[in-house]
Amino acid sequence: MSKNLTSRAEDYSKWYNELVVKADLAENSAVRGCMVIKPYGYAIWEKMQAELDKMFKETGHQNAYFPLFVPKSLFEAEEKNAEGFAKECAVVTHYRLQNDPDNEGKLRVDPEAKLEEELVVRPTSEAIIWNTYKGWIQSYRDLPILINQWANVVRWEMRTRLFLRTAEFLWQEGHTAHATKAEALVEAEQMNDVYAKFAEGFMAIPVIKGVKTESERFAGAVETYCIEALMQDGKALQAGTSHFLGQNFAKAFDVKFTNNEGKLDHVWATSWGVSTRLMGALIMTHSDDKGLVLPPNLAPSQVVIVPIYKSDEQFDAITEKAESIIDELKALGVSCKFDKRTTHRPGAKFAQHELQGVPLRIAIGPKDLENNTIELARRDTLTKEIVPMDGLATVIKNLLELIQNELFNKALTYRDEHITEVNDFESFKKVLDTKTGFISAHWDGTAESEQKIKEITKATIRCIPMNNKKEEGACIYSGKPSTQRVLFAKAY
RNA sequence: CGGGGUGUAGCGUAGCCCGGUUAUCGCGCCACGUUUGGGACGUGGAGGCCGCAGGUUCGAAUCCUGCCACCCCGACCA
37 MSKNLTSRAE DYSKWYNELV VKADLAENSA VRGCMVIKPY GYAIWEKMQA ELDKMFKETG
97 HQNAYFPLFV PKSLFEAEEK NAEGFAKECA VVTHYRLQND PDNEGKLRVD PEAKLEEELV
157 VRPTSEAIIW NTYKGWIQSY RDLPILINQW ANVVRWEMRT RLFLRTAEFL WQEGHTAHAT
217 KAEALVEAEQ MNDVYAKFAE GFMAIPVIKG VKTESERFAG AVETYCIEAL MQDGKALQAG
277 TSHFLGQNFA KAFDVKFTNN EGKLDHVWAT SWGVSTRLMG ALIMTHSDDK GLVLPPNLAP
337 SQVVIVPIYK SDEQFDAITE KAESIIDELK ALGVSCKFDK RTTHRPGAKF AQHELQGVPL
397 RIAIGPKDLE NNTIELARRD TLTKEIVPMD GLATVIKNLL ELIQNELFNK ALTYRDEHIT
457 EVNDFESFKK VLDTKTGFIS AHWDGTAESE QKIKEITKAT IRCIPMNNKK EEGACIYSGK
517 PSTQRVLFAK AY
């Protein structure tokens, strides 16, 4: 294992993989395509969960839990949804193993233990949930139902990458039921707004809100809202989606209610989700060649204190100082860890905390004891300064807020510089190959043109931005008339 | 599932073409000592069914056959 990460310029993909493993976020497991999320990575995910969970509850949602398995007959009920996910489903066919008579010490599937009906391991939970909702809804008085679940799902992907695409991943999925179309539409848009606010305000990741084209839409949805982020290598990442499902699932699962006029109608639905993929977005938005850069909101420890000492007396004096700093920070709601390991030298600790993205590092040594100062180092800018002990906690608290804002602004500047307006196909291809990023271009609105552009350039329509400006133009591929520009990019 | 590649210590590797001492080196690991303001140094030590199963041979990490696993490129995708 080499000391330094592969640089982003050298091999972005390699940099990403090394960073995930070396920063101790996650690693590949014995199960193909499935990762082990390690404590440090999971702590970051828990920070995301806590904030999202709070935001869901503030918008009136409750948590519940539905089964991992979906009977095949339920799964296939909503045809488009089933068809969309069929190719990547893990299926349980048996419920028992037995000793293999032909192979001592080995087990085999008991051929006698075949299930009457196969169970699909959920790739998403609409089917089992709507089958359940059928029993919960009779009247408009039972609506709306506003439920979220934190769960794992399985999608049998051909090619996987830590956090970005794994065969099993963690996510939350909201599933709501409404009496009217208008209300469901408001819900779907609201949750997309929640995701955008979370990504930008909490994770410092700028996103573009928009709707998907028909071909990119969630299987079974009428409209898919999304937030799209731009990574440092110029590729787009879908960071969250919120679907207006119309009455598709209500019809498939026969979920009807009596409205306040006494008429029977199908229920209107939404579903929305974000996953551990956000970890990938976090890494690829902020981190650098020295490792992870965490926005203060997401850092398991916002500050780390590294003691530098020669004698036990010095160490004791530093410890006393460190503990008083920790107390003051705690009172201001700032988390701080004292790295008093005796097994590593200061240099090694500096390097490790940089690799793991701790936003601020305090070093206290003999000189600081003498002068009543500390050395304060910023992870994002890699700058250091000597700061007096007096009033330190407030300085740190303000600095953390500043870092949070500056990370967002830096990412926003990069993103905005990488949205290029293009009016012909040659320029389109050139921008994709050289500058990369989002391309704002006219499109004739047909799936054919979209598909051709994808085949030729590998770029897809990431979204049609919300409140998109109407503008007359000609499709960059077909030359046919267009009423608005859409955002293209190569995507993860 | 198509095309290419790789399996040697926890990780990264040399050796393989052309079979022949005790399987190479680095990192990491352990012990002791000296160190500690940017990834410490010295000395000593532990760690290997050379992917698995057959075969050829006096002798196989090396040659042959079969199998397995993983990686990369495509198709698919939160």
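Numbering of the first sequence is given in my numbering, commencing with residue 37 and proceeding in unit increments. Every residue, glycine too, gets a C-beta built ideally from N, C-alpha and C. None of the values given here were measured: they were computed from a predicted structure.
Boundaries (first-last residue) of the beta strand (DSSP E) holding residue 434 = First-last for residue 434: 428–453, but that is the alpha helix (DSSP H), not the beta strand (DSSP E).
Start-to-end residues for the beta strand (DSSP E) that takes in residue 222 | No beta strand (DSSP E) holds residue 222; the alpha helix (DSSP H) holding it covers 217–233.
State buried or exposed for residue 38, treating a residue as buried only when at least 16 other CB atoms are found within 10 Å of its CB.
-> For residue 38, the pLDDT reaches just 49, beneath the cut-off of 50, and the residue's location in the model is therefore unreliable, although a value from the coordinates is still provided. By the neighbour-count rule (16 or more Cβ atoms within 10 Å), residue 38 is not buried but exposed.
DSSP three-state call for residue 299: helix, strand or coil?
-> Reduced to three states, the DSSP call for residue 299 is coil.
Cβ neighbours of residue 219 in the same chain (closer than 8 Å, five flanking residues each side left out) = 180, 304
Bridge partners of residue 144, per DSSP?
-> 134
Same chain, Cβ closer than 7 Å to residue 266, five either side skipped, listed in chain order | 272, 451, 454, 473, 474
Assuming residue 160 and residue 127 form a contact by the criterion Cβ under 8 Å, report the distance between their Cβ atoms to the nearest whole angstrom.
-> With a Cβ gap of about 15 Å, residue 160 and residue 127 do not count as contacting.
C-alpha gap between residue 440 and residue 320, whole angstroms | 16 Å
Which of helix, strand or coil does DSSP assign to residue 513?
-> Under the three-state reduction of DSSP, residue 513 is assigned to coil, being neither helix nor strand.
Return yes when the Cβ of residue 495 is within less than 8 Å of the Cβ of residue 526, no when it is not.
-> Contact check for residue 526 against residue 495 passes: the beta carbons are separated by less than 8 Å.
Can you give the Cα-Cα distance for residue 65 and residue 182, rounded to whole angstroms?
-> Each residue's alpha carbon lies about 35 Å from the other.
Could you give the distance in angstroms between the alpha-carbon of residue 510 and the alpha-carbon of residue 477?
-> 9 Å
Range of the contiguous beta strand (DSSP E) that encloses residue 492 | It is not in any beta strand (DSSP E) - residue 492 instead sits in the alpha helix (DSSP H) that spans 483–493.
I think residue 336 touches residue 80, with their Cβ atoms under 8 Å apart; what is that distance to the nearest whole Å?
-> 6 Å
With a threshold of 16 other CB atoms inside 10 Å of the CB of residue 329, please say whether the residue is buried or exposed.
-> Its Cβ being crowded by 16 or more others within 10 Å, residue 329 is buried.
Looking at the structure shown, is residue 38 part of a helix, part of a strand, or coil, going by DSSP?
-> With a pLDDT of 49 at residue 38, under the threshold of 50, the modelled position of this residue cannot be trusted, and the question is left open.
Would you decide whether residue 422 is buried or exposed? Buried here means 16 or more other CB atoms lie within 10 Å of its CB.
-> exposed
In terms of alpha-carbon separation, which member of 135, 513, 348, 249 lies closest to residue 145?
-> 135
With DSSP run on the structure shown, which of helix, strand or coil describes residue 77?
-> helix
Taking only the alpha-carbon atoms, compute the straight-line gap between residue 187 and residue 206 and give it to the nearest angstrom.
-> Residue 187 and residue 206: Cα-Cα distance of roughly 6 Å.
Per DSSP, residue 476 forms a beta bridge with which residues?
-> 457, 523
Contacting residues, own chain, Cβ-Cβ under 6 Å from residue 502 (five flanking each side not counted) = 245, 246
Output the distance between the C-alpha atoms of residue 214 and residue 178, rounded to the nearest integer angstrom.
-> 9 Å
From what residue to what residue does the alpha helix (DSSP H) around residue 48 run?
-> Residue 48 -> alpha helix (DSSP H) spans 48–58.
Which residue comes first and which comes last in the beta strand (DSSP E) that contains residue 407?
-> Per DSSP, residue 407 belongs to no beta strand (DSSP E); it is in the alpha helix (DSSP H), 402–407.
Alpha helix (DSSP H) segments (min. 4 residues) lying fully within the region 263–333 | 284–288, 313–322
Please go through the same chain and pick out, in chain order, the residues whose beta-carbon is closer than 7 Å to the beta-carbon of residue 358, but skip the five residues on each side of it.
-> Excluding sequence neighbours, residue 358 sits near 341, 343, 374, 400.
Alpha helix (DSSP H) segment containing residue 382, residue limits | 382–391
Mind checking who residue 204 pairs with in its DSSP beta bridge?
-> 190
Can you have a look at residue 278 and say buried or exposed, based on whether 16 or more other CB atoms are within 10 angstroms of its CB?
-> buried
Can you name, in chain order, every residue of its own chain whose Cβ lies under 7 Å from the Cβ of residue 302, other than the five neighbours on each side?
-> 283, 286, 287, 291, 292
Could you say if the region 143–158 and the region 96–111 meet the contact criterion of at least three C-beta pairs nearer than 8 Å?
-> By the Cβ rule, the region 143–158 counts as touching the region 96–111, because three or more pairs are nearer than 8 Å.
Run through DSSP, which three-state label would residue 34 get?
-> What the structure shows of the chain is the stretch from 37 to 528, and residue 34 is not part of that stretch, so it cannot be assessed.
Just checking, does the region 86–105 make contact with the region 426–441 on the three C-beta pairs under 8 Å criterion?
-> no
Would you mind sorting residue 55 into buried or exposed? The rule is 16 or more other CB atoms within 10 Å of its CB.
-> buried
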